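Colleague: Pasting in a structure now, in structure tokens, and then I'll have a few things to ask.
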Ligand SMILES: Cc1ncc(COP(=O)(O)O)c(C=O)c1O
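See the structure below:
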């Protein structure tokens, strides 16, 4: 193989390998807090079968054909109604680009905007799927630390100032305002407003990844940054993976018609999986989606509260964690000197798994943090897994205390 190609394939291989994770089905005896997978028993399998029957009864052969990604079928219309009802976003069907999951949407945005060496700003920590996509696109990432209210617009402004002095401009800011992955926190309304102002005043494009917005089980729904900023300054990314099923591979990007058309024309594949789009369209239009959301909110609240109680009961003083109002994740902070990657092998050995903090930081920091997903585990697994994790944390803390003498 030509050296140039060998280098390229192995670089991409190395990048992909750095994102290798344990199997989605954990080995026998392991309690996995690893993946943000939806609760399995509530997946709407029967309703998807009903939807397929409906398509057959109504001779919807178009559902098995190629479809235009923007005007292909009715899902754009159903999503426009849903966005207005559930997310407070007013968008015409032509402003919605349906993608094969929101990961694919992010990849499409990167294809259009990122050249190797470009700068992307992002939450630190941030969903590792996104950091992987940005890394593969060759972007240089600048992480902006978040706190319990999400990303701080003043810090974003300070980074913009610094970059401007260096003659640089980021391509966009990628941020997860609601039930952040991995931290579980949400951006306050004031900060949403300030970020929207920053986008408008500084010409900063914001890519708002709101995968968990609808899975709120406490508190008020805040406005999206998209709805607060001027048109064109925010691209809003959503997904049906968490609220219907990840296997449908359906996500969407909302933006100005011009941008949506440009993004779709930049792809020869039609992006959209026509068949699953037709199933989702039926699911949304029959009202089953809304009823399912209510059920999901109840399920995730129970799981989250169960995990919070287990942490309260089991964890030693010095360990802290976030208390989410929705979504799938709790973010744990270990005491000084205790490292999440260091305790992971022992945790796996005794039967519990999680993702250590550095996976979520572009610069590999975050050793004292770890992400716990409560979405796919049972209450019994939560009790057992958190007790095991606490055992290992206690041992590690004792080791640190002994080393300090
Ligand atoms: C924040 C965030 N964005 C996007 C995605 C990807 O979703 P999709 O299945 O639509 O590609 C996930 C899935 O884990 C996520 O957590």
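Numbering (my numbering), first residue to last: 174 to 578.
For each residue, glycine too, the CB sits at the ideal point set by N, CA and C.
On a predicted model such as this, the values are computed, not experimentally measured, just so you know.
#1: Assign residue 237 to one of two classes, buried (16 or more other C-beta atoms within 10 Å of its C-beta) or exposed (fewer than that).
#2: Inspect the beta-carbon positions of residue 358 and residue 323 and report whether they are closer than 8 Å.
#3: Between residue 354 and ligand 1, is the CB less than 7 Å from at least one heavy atom?
#4: Which partner residues does residue 546 have in the DSSP bridge list?
#5: Less than 8 Å between the C-beta atoms of residue 261 and residue 397, yes or no?
#6: Would you say residue 450 and residue 301 are within 8 Å of each other, going by their C-beta atoms?
#7: Under 8 Å, do residue 484 and residue 417 count as touching if we go by C-beta distance?
#8: Can you tell me which of the three DSSP states residue 559 falls into?
#9: When the Cβ atoms of the segment 402–412 are set against those of the segment 381–388, are three or more pairs found closer than 8 Å?
#10: By DSSP's criteria, residue 410 is part of a beta bridge. Which residues make up the other side?
#11: Can you name the residues that DSSP bridges to residue 296?
#12: Under 8 Å: do the segment 473–483 and the segment 547–557 share three or more Cβ pairs, one atom per stretch?
#13: Pull the bridge partners of residue 573 from the DSSP assignment, please.
#14: What are the start and end residues of the beta strand (DSSP E) that includes residue 272?
#15: Out of curiosity, what's the CA-to-CA distance linking residue 219 and residue 460?
#16: Identify the residues that DSSP records as bridge partners of residue 526: which are they?
#17: Taking 7 Å as the cut-off, is the C-beta of residue 382 nearer than that to any heavy atom in ligand 1?
#18: Based on DSSP bridge pairs, tell me the residues matched to residue 579.
#19: Could you pull out every residue in the same chain whose Cβ sits closer than 6 Å to the Cβ of residue 228, ignoring the five residues on either side in sequence?
#20: Do three or more CB pairs link the segment 266–280 to the segment 507–514 at distances below 8 Å?
#21: Can you list, in chain order, the residues of its chain with a C-beta nearer than 7 Å to that of residue 399? Leave out the 5 residues immediately preceding and following it.
#22: Please classify residue 493: does DSSP put it in a helix, a strand, or coil?
#23: Would you call the CB atoms of residue 249 and residue 390 closer than 8 Å?
#24: Below 8 Å on the Cβ atoms is my guess for residue 534 versus residue 311; work out the distance and round it to an integer in Å.
#25: Please classify residue 389: does DSSP put it in a helix, a strand, or coil?
#26: Got a sec: does ligand 1 put a non-hydrogen atom nearer than 7 Å to the Cβ of residue 494?
#27: Relative to the C-alpha of residue 215, which residue among 577, 518 and 469 is closest?
#28: To the nearest angstrom, report how far apart residue 265 and residue 247 are at their CA atoms.
#29: Verify whether the separation of the beta carbon atoms of residue 362 and residue 346 is less than 8 Å.
#30: According to DSSP, simplified to helix, strand and coil, what is residue 417?
#31: Taking buried to mean at least 16 other C-beta atoms within 10 Å of its own C-beta, is residue 296 buried or exposed?
#32: On the three-state DSSP scale, how would you describe residue 302?
#33: Assuming contact is defined by CB atoms lying nearer than 8 Å, are residue 544 and residue 528 in contact in what I supplied?
#34: Only counting runs of 4 or more residues, tell me where the alpha helix (DSSP H) segments fall wholly within the segment 205–237, in order along the chain.
#35: Can residue 309 be considered in contact with ligand 1, in the sense that its beta carbon sits closer than 7 Å to one or more heavy atoms?
#36: By the three-class DSSP mapping on this structure, what secondary structure does residue 510 have?
Modeller: In this structure, then:
#1: Position 64 of the chain shown, counting from 1, holds the residue named residue 237. Around the Cβ of residue 237, a 10 Å sphere holds fewer than 16 other Cβ atoms; the residue is exposed.
#2: Within the chain shown, the letter at position 185 stands for residue 358. Within the chain shown, the letter at position 150 stands for residue 323. Yes, they are a contact pair.
#3: Indexing the chain shown from 1 puts residue 354 at position 181. Under cutoff, so the answer is yes.
#4: Translated into the one-based positions of the chain shown, residue 546 becomes position 373. Paired residue(s): 502.
#5: Taking the chain shown and counting its residues from 1, the one referred to as residue 261 is at position 88. Taking the chain shown and counting its residues from 1, the one referred to as residue 397 is at position 224. Going by C-beta atoms, residue 261 is nearer than 8 Å to residue 397.
#6: One-based indexing of the chain shown puts residue 450 at position 277. One-based indexing of the chain shown puts residue 301 at position 128. Their beta carbons are not under 8 Å apart, which means residue 450 does not touch residue 301 by this criterion.
#7: Numbered from its first residue, the chain shown carries residue 484 at position 311. Numbered from its first residue, the chain shown carries residue 417 at position 244. No, Cβ-Cβ distance for residue 484 and residue 417 is not below 8 Å.
#8: Counting from one through the chain shown, the residue named residue 559 turns up at place 386. In the structure shown, the three-state DSSP call for residue 559 is helix.
#9: Contact between the segment 402–412 and the segment 381–388 is present, because at least three Cβ pairs lie under 8 Å.
#10: Your numbering for residue 410 matches position 237 in the chain shown. The partner list for residue 410 (beta bridge, DSSP) reads 382 and 426.
#11: One-based indexing of the chain shown puts residue 296 at position 123. The bridge partners DSSP lists for residue 296 are 317.
#12: Segments in contact, yes.
#13: For the purposes of this step, residue 573 is taken as the residue at position 400 of the chain shown. DSSP links residue 573 through a beta bridge to no other residue.
#14: The residue you call residue 272 lines up with position 99 of the chain shown. From DSSP, the beta strand (DSSP E) with residue 272 extends over 269–272.
#15: Within the chain shown, residue 219 is the residue found at index 46, counting from 1. Within the chain shown, residue 460 is the residue found at index 287, counting from 1. The alpha-carbon atoms of residue 219 and residue 460 are separated by roughly 15 Å.
#16: As a first step, residue 526 must be located in the chain shown, where it is residue number 353. 205.
#17: Your numbering for residue 382 matches position 209 in the chain shown. Residue 382: yes, Cβ under 7 Å from ligand 1.
#18: Outside the displayed range of the chain (174 to 578) lies residue 579, so it cannot be described from this structure.
#19: Taking the first residue of the chain shown as 1, we reach residue 228 at position 55. Closer than 6 Å at Cβ, skipping near neighbours: 236 and 451.
#20: No: the two stretches stay apart, fewer than three of their Cβ pairs being nearer than 8 Å.
#21: As a working note, residue 399 is residue 226 in the chain shown. Around residue 399, the same chain offers 262, 381, 407, 409 and 427 as residues with beta carbons nearer than 7 Å, after the five sequence neighbours per side are excluded.
#22: One-based indexing of the chain shown puts residue 493 at position 320. Per DSSP, reduced to three states, the secondary structure at residue 493 is strand.
#23: Here residue 249 refers to the residue found at position 76 when the chain shown is read from its first residue. Here residue 390 refers to the residue found at position 217 when the chain shown is read from its first residue. Against a cut-off of 8 Å, the Cβ pair of residue 390 and residue 249 comes out as no contact.
#24: Walking along the chain shown from the start, residue 534 turns up at place 361. Walking along the chain shown from the start, residue 311 turns up at place 138. That pair is no contact at about 19 Å.
#25: Locating residue 389 in the chain shown gives position 216, where the first residue counts as 1. DSSP, reduced to helix, strand and coil, places residue 389 within a strand of the structure shown.
#26: As a first step, residue 494 is located in the chain shown; it is residue number 321 there, counting from the start. For ligand 1, not one heavy atom lies less than 7 Å from the Cβ of residue 494.
#27: Mapped onto the chain shown, residue 215 falls at position 42. The option with the nearest alpha carbon to residue 215 is 469.
#28: Within the chain shown, the letter at position 92 stands for residue 265. Within the chain shown, the letter at position 74 stands for residue 247. Approximately 12 Å, taken between the alpha carbons.
#29: The sequence position of residue 362 within the chain shown is 189, counting from 1. The sequence position of residue 346 within the chain shown is 173, counting from 1. Not in contact: residue 362 and residue 346 (Cβ atoms no closer than 8 Å).
#30: On the chain shown, residue 417 is found 244 positions in, with the first residue counted as 1. Reduced to three states, the DSSP call for residue 417 is helix.
#31: One-based indexing of the chain shown puts residue 296 at position 123. Buried is the call here.
#32: As a first step, residue 302 must be located in the chain shown, where it is residue number 129. Helix, per DSSP.
#33: The count along the chain shown starts at 1 and reaches residue 544 at position 371. The count along the chain shown starts at 1 and reaches residue 528 at position 355. Cβ distance < 8 Å, so residue 544 and residue 528 count as in contact.
#34: Every alpha helix (DSSP H) stretch that sits fully inside the segment 205–237 and reaches 4 residues is listed by chain position as 218–230.
#35: For the purposes of this step, residue 309 is taken as the residue at position 136 of the chain shown. No - ligand 1 has no heavy atom lying nearer than 7 Å to the Cβ of residue 309.
#36: Residue 510 sits at position 337 when you count from the first residue of the chain shown. Residue 510 falls in the coil class under three-state DSSP.
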